[in-house]
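Just so we're aligned, residue 1 is where the sequence shown starts under this note's numbering, counting upward by one.
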Amino acid sequence: MGKKSYRLVFLAIFLFLIPYYFIWADTLGLQHTFFVNQKFDKYERTQLSATLKQITGKLYLYVEDNYWNTLNSSSRAILVNNMLSLANEFENNIYLKEVQLWGSEPNPGVDGDPKLTILFEELVENNGGYFDTSNGYLRQQAEKSNQREMVVVNVETVLGDVGLAKTFLAHEFQHLISFNQKDLTRNIPEEVWLNELRSEYSVSHVGYNNTYAKSNLERRVAEFLESPSDSLTEWPNKTFDYAMVTLFGEYLVEQYGTAILTDTIHSSLIGIDSLNQYFQSKGVYERFVDIFMNWMAAAYFNDSSRESKLGYLRFDLKKIKVAPQQKVFLSESFKEYSLAQAITDWQPVWFEFNLGNLGGNISNSIRLDLKGNFNEKFYASYMAFFNTGSVQLGRIEFVGGKAVANILNSSDGLNRVVVMTTKGTKVSDFGASEQAGLLSVRASIVETKKAEASIIKDGSLIRKRGEKEIYVIWGKYKRYLMPGVISLYGHLNVANAIEIELEVFNSYTTSNYIKYLNDEKVYAVWPEGSKHWLNITPQQWDASGRDWGAIFTINDLEVNYYKTGEDIIR
């Protein structure tokens, strides 16, 4: 089979379901007129005539008449044989495994008949099939509904490559299940990208990617590597869209198991919100943005032996290593480089900055300055690679649309730095074309001593320029220290407090959460000097939006310094 890229489509129509069913039973040889999608039909038809050629335990198999009439007797026999092979595979593999994984399709559904319909239609080139939700409603609700549970499969594929047709059917059947689990049962349609991700994963689940060579997964990997910087969530229905969700879906399942997809299909939430709800329910501190950034690191570095999140686990996927959108070589005569990139929501972008001979000089480090519109939410992280083979991964925090990171050189010899970034302003309601935001990135060689001086280490004391109040920092948080508290720590000296500018000071989020080293209780400290136990469960903590990283660990002297106030119970 030559190299082809196939798209499989589902079409959504948003309606309220009227609880009224009618029953009919199709008979062999029945000729029926179907509404079809003009966009995907090979001849841009809106309806066609098809005849029921086979009936199996779970399926009605219709073939469009125009195509059937063009075939000679030998081709007709092959087509019928391949359809029966496809039906057998559906009933004994696809149906059983997908229903067990995702849940049931509408059954008996709008037509009151437990059998599903497959329409074998001539489709546009490289379109493997489609699913239209309107067919699951009565015609009073959807004028061009076929009023049955059905999917469409490219008839030319069935005649030429029934193995490929099985892949298409596995993909489309998940859409039918999702229609039942989300649209009908919970009255909320799934985000397209996550619906397609589950359909692509279904192909793996039923076993069609077990042998990697010539599999759907192998095709998707090739397509992904051809265009890795495609938005995960924007959906113009192009080949690269499917490649993106396939590779991200495989990563999700490797890291969190199939439950991350099955639990969310049964959630009343959709898309990113449903994934975040899943993480919260399982006590996972990470959220979607963290997983997406981890995946970006894995797609570039792909070495799970360092850390499982930094690569794919499946051997066949370990060859994935994306090429950065821009690769820059810095030198003595070229110590600074600036670039700008338009980025849509959840579009992965990689920039690589090579230090070359400069990295061999420990006095040379690299500074990164990132700037986007303050109304946009950009996220970024970096990977620093050293000549000894060591790797450093870090997040770059944005404040007011700006971010700064200093990556220090060492005796290991800094070789290159890869910046990984995306935009996450939107988390729902994605369409075919999303608005991009412009992000500028400047990389510059700086003296290591100056870079080191600009990095404020965890546990340092800081104060805003011109002010007396002292804070201690940890990660992205700062905590106010009362004058009497500082003296409780012998290693702290007010004279060593770092005076910082307002912009840097505000880049740290203020926290008042504390816990004693040998106690699990978390307290909130109030300005008058009282401590209040957060008498809530971990689940309530997560649901409130509080961050575990905002808790400062203190000694017993400070715990006893505060008077005890009323508990916080929400």
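All residues carry an ideal CB built from backbone N, CA and C; glycine is no exception.
Would you mind sorting residue 38 into buried or exposed? The rule is 16 or more other CB atoms within 10 Å of its CB. Position 38 of the sequence shown, counting from 1, holds the residue named residue 38. That one is exposed.
Go ahead and label residue 433 buried or exposed: buried means 16 or more other beta carbons lie within 10 angstroms of its beta carbon, across all protein chains shown. Here residue 433 is taken as the residue at index 433 of the sequence shown, counted from 1. With fewer than 16 Cβ atoms within 10 Å of its Cβ, residue 433 is classed as exposed.
Residues near residue 20 in its chain [Cβ-Cβ closer than 7 angstroms; skip 5 each side]: On the sequence shown, position 20 is the one that residue 20 refers to. With a pLDDT of 44 at residue 20, under the threshold of 50, the modelled position of this residue cannot be trusted; read the value that follows with caution. 138.
Integer-rounded CB distance, given that residue 443 should sit under 8 angstroms from residue 414: Within the sequence shown, the letter at position 414 stands for residue 414. Within the sequence shown, the letter at position 443 stands for residue 443. About 12 angstroms; that fails the 8 angstroms criterion.
Which partner residues does residue 480 have in the DSSP bridge list? Taking the sequence shown and counting its residues from 1, one reaches residue 480 at position 480. Its beta-bridge partners are 471.
What number of angstroms, rounded off, separates the C-alpha of residue 494 from the C-alpha of residue 371? Taking the first residue of the sequence shown as 1, we reach residue 494 at position 494. Taking the first residue of the sequence shown as 1, we reach residue 371 at position 371. For residue 494 and residue 371, the distance between alpha carbons rounds to 33 angstroms.
Expected contact under 8 angstroms - CB spacing of residue 65 and residue 50 to nearest Å: Residue mapping note: residue 65 aligns to position 65 of the sequence shown, counting from 1. Residue mapping note: residue 50 aligns to position 50 of the sequence shown, counting from 1. Confirmed, Cβ separation roughly 6 angstroms.
Is the beta carbon of residue 220 less than 7 angstroms from the beta carbon of residue 246? Position 220 of the sequence shown, counted from the first residue, corresponds to residue 220. Position 246 of the sequence shown, counted from the first residue, corresponds to residue 246. It is a contact, given that the beta carbons lie within the stated cut-off.
Can you have a look at residue 542 and say buried or exposed, based on whether 16 or more other CB atoms are within 10 angstroms of its CB? As a position in the sequence shown, residue 542 is number 542, starting the count at 1. Flag for residue 542 reads buried.
If we ignore side chains and look at the alpha-carbon of each, how far apart do residue 170 and residue 104 end up? On the sequence shown, residue 170 is found 170 positions in, with the first residue counted as 1. On the sequence shown, residue 104 is found 104 positions in, with the first residue counted as 1. Going from the Cα of residue 170 to the Cα of residue 104 covers about 14 angstroms.
Going by C-alpha to C-alpha distance, which of 78, 148 and 84 sits closest to residue 32? Residue 32 sits at position 32 when you count from the first residue of the sequence shown. Minimum Cα distance to residue 32 is reached at 148.
From the DSSP output, in three-state form, read off residue 553 for me. By one-based count along the sequence shown, residue 553 stands at place 553. Strand at residue 553.
Between 330, 203, 305 and 297, which lies nearest to residue 422 when the distance is taken from Cα to Cα? Translated into positions along the sequence shown, residue 422 becomes position 422. Taking only the C-alpha atoms, the option nearest residue 422 is 297.
Determine the direct distance from the alpha carbon of residue 197 to that of residue 498, and round the result to whole angstroms. Mapped onto the sequence shown, residue 498 falls at position 498. Mapped onto the sequence shown, residue 197 falls at position 197. Rounded to the nearest angstrom, the two C-alpha atoms are 48 angstroms apart.
Hey, could you find the ends of the alpha helix (DSSP H) residue 97 is sitting in? Here residue 97 corresponds to residue number 97 of the sequence shown, with the count starting at 1. Start and end: 95-102.
Among the candidates 387, 374, 321 and 406, whose CA atom is the shortest distance from the CA of residue 424? Looking up residue 424 in the sequence shown gives position 424. Answer by Cα proximity: 374.
Rank 420, 336, 156 and 135 by C-alpha distance to the C-alpha of residue 75 and give the top, closest one. The residue labelled residue 75 in the question sits at position 75 within the sequence shown. For the residues 420, 336, 156 and 135, the minimum Cα distance to residue 75 belongs to 156.
How big is the Cα-Cα spacing for residue 256 and residue 209? In the sequence shown, counting from the first residue as 1, residue 256 sits at position 256. In the sequence shown, counting from the first residue as 1, residue 209 sits at position 209. Going by the C-alpha atoms only, they are around 19 angstroms apart.
Whether or not the stretch 213-227 and the stretch 325-336 are in contact is what I'm after, with contact meaning three or more pairs of Cβ atoms, one per stretch, closer than 8 angstroms; do they touch? No: fewer than three Cβ pairs fall under 8 angstroms.
The alpha helix (DSSP H) enclosing residue 259, as first and last residue numbers: Walking along the sequence shown from the start, residue 259 turns up at place 259. DSSP places residue 259 in the uninterrupted alpha helix (DSSP H) bounded by 259-265.
Can you confirm whether the stretch 120-133 touches the stretch 271-288 when touching is taken to mean that 3 or more C-beta pairs between the two stretches lie within less than 8 angstroms? no
Are the CB atoms of residue 508 and residue 455 nearer to each other than 7 angstroms? On the sequence shown, residue 508 is found 508 positions in, with the first residue counted as 1. On the sequence shown, residue 455 is found 455 positions in, with the first residue counted as 1. Contact flag unset, no.
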